[in-house]
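Q: Residue numbers (the working numbering): 1079 to 1360.
A virtual CB, placed ideally from N, CA and C, is assigned to each residue, including glycine.
This one's a predicted model, so the numbers in the text were calculated from it and none came from an experiment.
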Ligand code: PAF
């Protein structure tokens, strides 16, 4: 497994690949890898013959300095996991390599980012857009893999790829969950035992709401119940709980026929910010 730290090294890695019938699958990550990331790698391996993973905790997508400095870093373990998965190349740049200059460009994703993560984390999607563009330009993959857990990020990246004509196919991989339903996330590493139990409220509220919606109950009544569930659960602060168009991220006030619909939530559990979503109608 090649472990590369510079853009130049990635370029020569690419140049040394055989010219014919090469498909590069790319999995961008911020490290602290878990089974969700490994699922992305697995999917990449299934449809590409060269797999590149990047590990870079991107400072420009954090709107909160604490969140950035507390982001878990487990590089040795990450590399071991990727070696076991027989990944071909891992790109581990430092900040200077990615940001020799502070980018002046600002990417505005319009309506896609006025809600949910975009509205609670100002500048977050600008940072995601800039770093994903840079990584795609460095790695030049044929396919790139992203997790459905970051539903709004998927929408933003699809918009980026379409609007800027990146020559890459985006694949979305379903969320991987613990047996009890908690969506895998690098941030789960920061949950203490008690908070780990409390965090289950997110998945419970999402599955409860989906069942009630499909049973025909009014969304606003369901949301009141959900708000009460969160008020009663001490140590958990709900940030948002919304019904949205799964691709456009438009907030809905009930089920609408013939559009894909998801429920999206974010909450602080013992100070750790968690997000999750489930599809209501595909
Ligand atoms: O989903 C993530 O881990 C990050 O947002 C990404 C896509 C690697 C960009 O830093």
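Is any heavy atom in the ligand PAF found nearer than 7 Å to the beta carbon of residue 1252?
A: Here residue 1252 corresponds to residue number 174 of the chain shown, with the count starting at 1. No, the beta carbon of residue 1252 sits no closer than 7 Å to any heavy atom of the ligand PAF.
Q: Just mark residue 1337 as buried or exposed, buried being the case when its beta carbon has 16 or more other beta carbons within 10 Å.
A: Start at 1 with the first residue of the chain shown, and residue 1337 comes out as number 259. Flag for residue 1337 reads exposed.
Q: Where do the ends of the beta strand (DSSP E) carrying residue 1107 lie?
A: Residue numbering aside, residue 1107 sits at position 29 when the chain shown is read from its first letter. Element bounds for residue 1107: 1102-1107.
Q: Hey, residue 1151 and residue 1122: beta-carbon distance below 8 Å or not?
A: Indexing the chain shown from 1 puts residue 1151 at position 73. Indexing the chain shown from 1 puts residue 1122 at position 44. No, they are not a contact pair.
Q: The ligand PAF and residue 1230: does the residue's C-beta get closer than 7 Å to at least one heavy atom of that ligand?
A: Locating residue 1230 in the chain shown gives position 152, counting from the first residue. Answer for residue 1230: no, Cβ out of range of the ligand PAF.
Q: On a CA-only basis, which of 1217, 1301, 1356 is nearest residue 1091? Give me that one, please.
A: Position 13 of the chain shown, counted from the first residue, corresponds to residue 1091. It is 1217 whose Cα lies nearest to the Cα of residue 1091.
Q: Confirm the yes/no value for this check: CB of residue 1206, any heavy atom of the ligand PAF, distance under 7 Å.
A: Within the chain shown, residue 1206 is the residue found at index 128, counting from 1. Yes, the Cβ of residue 1206 comes within 7 Å of a heavy atom of the ligand PAF.
Q: Please confirm whether residue 1210 and residue 1117 have their CB atoms less than 8 Å apart.
A: To locate residue 1210, count along the chain shown from 1; it is residue 132. To locate residue 1117, count along the chain shown from 1; it is residue 39. No. Outside cutoff.
Q: Please list, in chain order, all residues of the same chain as residue 1157 whose beta carbon is under 6 Å from its beta carbon, the five residues on each side excluded.
A: Reading the chain shown from its first residue, position 79 is the one you call residue 1157. If we look at residue 1157 and ignore the five residues flanking it on each side, it has no Cβ neighbours.
Q: Buried or exposed: which applies to residue 1207, given that a residue is buried once 16 or more other Cβ atoms fall within 10 Å of its Cβ?
A: Sequence index remark: in the chain shown, residue 1207 carries index 129 (1-based). Buried, because 16 or more other Cβ atoms sit within 10 Å of the Cβ of residue 1207.
Q: Does the distance from the CB of residue 1225 to the CB of residue 1103 come in under 8 Å?
A: Here the question's residue 1225 lines up with position 147 in the chain shown. Here the question's residue 1103 lines up with position 25 in the chain shown. Contact flag unset, no.
Q: Beta carbon of residue 1226: closer than 7 Å to some heavy atom of the ligand PAF?
A: The count along the chain shown starts at 1 and reaches residue 1226 at position 148. Checking the Cβ of residue 1226 against the ligand PAF gives no.
Q: Using only alpha-carbon positions, find the residue among 1089, 1317, 1159, 1139 that is nearest to residue 1180.
A: Within the chain shown, the letter at position 102 stands for residue 1180. Of the candidates 1089, 1317, 1159, 1139, the one whose C-alpha sits nearest the C-alpha of residue 1180 is 1139.
Q: Quick check: what's the CA-CA separation for residue 1347 versus residue 1230?
A: As a working mapping, residue 1347 is identified with position 269 in the chain shown. As a working mapping, residue 1230 is identified with position 152 in the chain shown. Going from the Cα of residue 1347 to the Cα of residue 1230 covers about 21 Å.
Q: Sort 1147, 1234, 1304, 1257 by Cα distance to residue 1196 and report the nearest one.
A: Counted from its first residue, the chain shown places residue 1196 at position 118. The shortest C-alpha separation from residue 1196 is found at 1234.
Q: If we require 4 or more residues per run, which alpha helix (DSSP H) segments fall completely within the stretch 1277-1320?
A: If we require 4 residues or more, the alpha helix (DSSP H) runs fully inside the stretch 1277-1320 come out as 1278-1292, 1297-1310.
Q: Would you call residue 1279 buried or exposed, if buried means 16 or more other Cβ atoms sit within 10 Å of its Cβ?
A: As a position in the chain shown, residue 1279 is number 201, starting the count at 1. So residue 1279 ends up on the buried side.
Q: Do you know how far the Cα of residue 1263 is from the Cα of residue 1125?
A: Mapped onto the chain shown, residue 1125 falls at position 47. Mapped onto the chain shown, residue 1263 falls at position 185. If I take the Cα positions, the gap works out to 24 Å.
Q: Would residue 1298 be called buried (16 or more neighbouring beta carbons within 10 Å of its own) or exposed?
A: In the chain shown, counting from the first residue as 1, residue 1298 sits at position 220. Exposed, by the Cβ-count rule.
Q: Look at the Cβ atom of residue 1238, then the Cβ atom of residue 1342, and state whether they are nearer than 8 Å.
A: Indexing the chain shown from 1 puts residue 1238 at position 160. Indexing the chain shown from 1 puts residue 1342 at position 264. For residue 1238 and residue 1342, no; Cβs fall outside 8 Å.
Q: Specify whether the stretch 1162-1172 and the stretch 1182-1189 touch according to this definition: at least 3 beta carbon pairs, one from each stretch, less than 8 Å apart.
A: No: fewer than three Cβ pairs fall under 8 Å.
Q: For the ligand PAF, is there a heavy atom less than 7 Å away from the beta-carbon of residue 1327?
A: Mapped onto the chain shown, residue 1327 falls at position 249. No, the beta carbon of residue 1327 sits no closer than 7 Å to any heavy atom of the ligand PAF.
Q: I need the straight-line Cα distance from residue 1243 to residue 1324, nearest angstrom please.
A: Counting from one through the chain shown, the residue named residue 1243 turns up at place 165. Counting from one through the chain shown, the residue named residue 1324 turns up at place 246. So the two alpha carbons sit approximately 22 Å from each other.
Q: Measure the C-alpha to C-alpha separation of residue 1319 and residue 1107 and round it to an integer number of angstroms.
A: In the chain shown, residue 1319 corresponds to position 241, counting from 1. In the chain shown, residue 1107 corresponds to position 29, counting from 1. Their backbone Cα atoms lie some 26 Å apart in a straight line.
Q: By the three-class DSSP mapping on this structure, what secondary structure does residue 1248 have?
A: Within the chain shown, residue 1248 is the residue found at index 170, counting from 1. Looking at residue 1248 - three-state DSSP - the assignment turns out to be strand.
Q: Going straight from the alpha carbon of residue 1220 to that of residue 1131, what length do you get?
A: Position 142 of the chain shown, counting from 1, holds the residue named residue 1220. Position 53 of the chain shown, counting from 1, holds the residue named residue 1131. Cα to Cα, residue 1220 sits roughly 13 Å from residue 1131.
Q: Report the residue from 1188, 1199, 1285, 1266 whose alpha carbon sits nearest the alpha carbon of residue 1241.
A: Against the chain shown, residue 1241 aligns to sequence position 163. Checked all of 1188, 1199, 1285, 1266; the closest Cα to residue 1241 is 1188.
Q: Is residue 1137 near the ligand HEM, with its Cβ less than 7 Å from a heavy atom?
A: As presented, the structure is devoid of the ligand HEM, carrying the ligand PAF as its sole ligands.
Q: May I ask you to list the residues that DSSP assigns as paired with residue 1347?
A: Translated into positions along the chain shown, residue 1347 becomes position 269. In DSSP, residue 1347 forms a bridge with 1314, 1350.
Q: Taking only three categories from DSSP, how would you classify residue 1132?
A: Numbered from its first residue, the chain shown carries residue 1132 at position 54. In this structure, residue 1132 counts as strand in the three-state DSSP scheme.
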